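S.K.:
In the working numbering, the protein residues as written are 18 to 311.
1) Under DSSP, the alpha helix (DSSP H) around residue 149 begins and ends at which residues?
2) Excluding sequence positions up to five away, which residues of its chain have a Cβ less than 8 Å from the Cβ of residue 280?
3) Nearest-angstrom Cα distance between residue 120 and residue 145?
4) Report back the beta-carbon spacing between residue 244 and residue 186 to the nearest angstrom; my notes put them in contact at under 8 Å.
5) Ignore the nearest five residues each way along the sequence and tell me which others in residue 174's own chain have a CB closer than 7 Å to its CB.
6) Short of 8 Å in beta carbon distance, which residues of its chain neighbour residue 251, apart from the five on each side in sequence? Order them along the chain.
7) Roughly how many angstroms separate the alpha carbons of residue 176 and residue 242, rounded to a whole number?
8) Evaluate residue 158 with the Cβ neighbour count: other Cβ atoms within 10 Å of its Cβ, from every protein chain shown; 16 or more gives buried, anything less gives exposed.
9) For residue 172 versus residue 236, is the C-beta spacing smaller than 9 Å?
10) Drop a sphere of 10 angstroms on the beta-carbon of residue 239, count the other beta-carbons inside from all chains shown, and report buried for 16 or more, exposed for fewer.
11) Just the C-alpha distance for residue 282 and residue 105, rounded to the nearest angstrom, thanks.
12) Taking 9 Å as the threshold (C-beta atoms), are residue 272 and residue 142 in contact?
13) Classify residue 195 as helix, strand or coil using the three-state DSSP reduction.
14) Assuming residue 142 is part of the alpha helix (DSSP H), what are its boundary residues?
15) Apart from the five residues just before and just after residue 184, which ones in its own chain have a Cβ nearer than 6 Å to its Cβ?
16) Report the rounded CA-to-CA distance for residue 253 versus residue 267, giving the unit in angstroms.
17) As a quick exercise: from 117, 149, 139 and 167, pick the residue whose alpha carbon is nearest that of residue 230.
18) For residue 65, count the other beta carbons within 10 Å of its own beta carbon; 16 or more makes it buried, fewer makes it exposed. Which is it?
19) From which residue to which residue does the alpha helix (DSSP H) around residue 179 run?
20) Can you check whether the C-beta of residue 169 is within less than 9 Å of a C-beta belonging to chain B?
21) What does the alpha-carbon distance come out to for the pair residue 165 and residue 193?
22) Report yes if the CB atom of residue 149 is closer than 9 Å to the CB atom of residue 249, and no otherwise.
23) What whole-angstrom Cβ distance do residue 262 and residue 125 have, given they're in contact under 8 Å?
24) On the criterion of 16 or more Cβ atoms from any shown chain inside 10 Å, does residue 269 qualify as buried, or is it exposed?
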């Protein structure tokens, strides 16, 4: 009988556990016609996994979650009560967001860097972040598109699939190993996301399901591009001696370059099609809240 290496055996065990938990969750949701029990199970797994964190870390995680969860709400609020043909373009929102982020990142790099810190914004250290910026631009565009078809709560819950996806990518590309508690937490979140979709689709009409399907496609592209960009950016951030704020500036410069090209092309396309040449058309005070918050 062929003996497996300990690392391969451990990976197989983790995969079997994850698949078993997911299958059990789907069956449980189907039988009970409700995701209540799986939600409670996921909450217990969260508590069991993160219960040993110190108070400062918990507060930091809480602040991040509050800011991250409110992104979809801000975008939906800025687009509320607007006709479908009179909403700001996703490209314009992302371009303004990248410009604001670059300005803030450059200020932080100067404030937190040592005296004489130089930021070369057009060198190789910047241009190597172009693939990462392109992936993040794709993911953010799909996120804004998905919010046109899904409510913010549904979209944010579906994004929990990012956790098992990025865990799998980290294992494949970075060789990162996880503890049993972490695997159980990831499996619980993944199971909860699937159960939520199952419970929601059982209550939707065919017309609503068709709209939700489009939103799910955008969400899937968002998850894949966002997780891939996160892994690639982590690899790039560890291959240079520059400080983190300086590297963030490099990444944001690439985002602004890509955003400027897309922003300009979108404005020209609108003008050639007989629309307004102004790429910021349909903007108002509420729209400005979305890129600033992001």
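Glycine included, every Cβ here is placed at the ideal spot set by N, Cα and C.
Since we're looking at a predicted model, the values are computed, not measured.
M.R.: According to the data block:
1) In this chain, the alpha helix (DSSP H) harbouring residue 149 covers 147 to 163.
2) Cβ within range, chain order: 108, 109, 112 and 296.
3) Looking at the backbone, the Cα of residue 120 and that of residue 145 are separated by about 20 Å.
4) Between residue 244 and residue 186 the beta-carbon gap is near 5 Å, inside 8 Å, which marks them as a contact.
5) Its chain contains 210 and 213 as the residues whose beta carbon lies nearer than 7 Å to that of residue 174, once the 5 sequence neighbours on both sides are disregarded; these appear in chain order.
6) If the five residues before and after residue 251 are omitted, its C-beta is found closer than 8 Å to the C-beta atoms of 191, all from its own chain and listed in chain order.
7) So the alpha carbons of these two residues sit roughly 12 Å apart.
8) Per the 10 Å Cβ criterion, buried.
9) The Cβ-Cβ distance between residue 172 and residue 236 falls below 9 Å.
10) Buried: at least 16 other Cβ atoms inside 10 Å.
11) In this structure, the straight-line span from the alpha carbon of residue 282 to that of residue 105 is close to 15 Å.
12) Result no, Cβ atoms of residue 142 and residue 272 do not sit closer than 9 Å.
13) Note: residue 195 maps to coil in three-state DSSP.
14) Counting along the chain, residue 142 sits inside the alpha helix (DSSP H) bounded by residues 141 to 144.
15) Closer than 6 Å at Cβ, skipping near neighbours: 203.
16) Rounded to the nearest angstrom, the gap between the Cα atoms of residue 253 and residue 267 is 11 Å.
17) Of the candidates 117, 149, 139 and 167, the one whose C-alpha sits nearest the C-alpha of residue 230 is 167.
18) Only weak support exists for where residue 65 lies, its pLDDT of 48 falling under 50; the coordinates are left without a value.
19) Residue 179 -> alpha helix (DSSP H) spans 179 to 186.
20) Going by chain labels, chain B is absent from the structure shown, which holds only one protein chain.
21) So the alpha carbons of these two residues sit roughly 36 Å apart.
22) Against a cut-off of 9 Å, the Cβ pair of residue 249 and residue 149 comes out as a contact.
23) At roughly 5 Å, the Cβ-Cβ gap stays under 8 Å, so residue 262 and residue 125 are in contact.
24) By the 10 Å Cβ count, residue 269 comes out buried.
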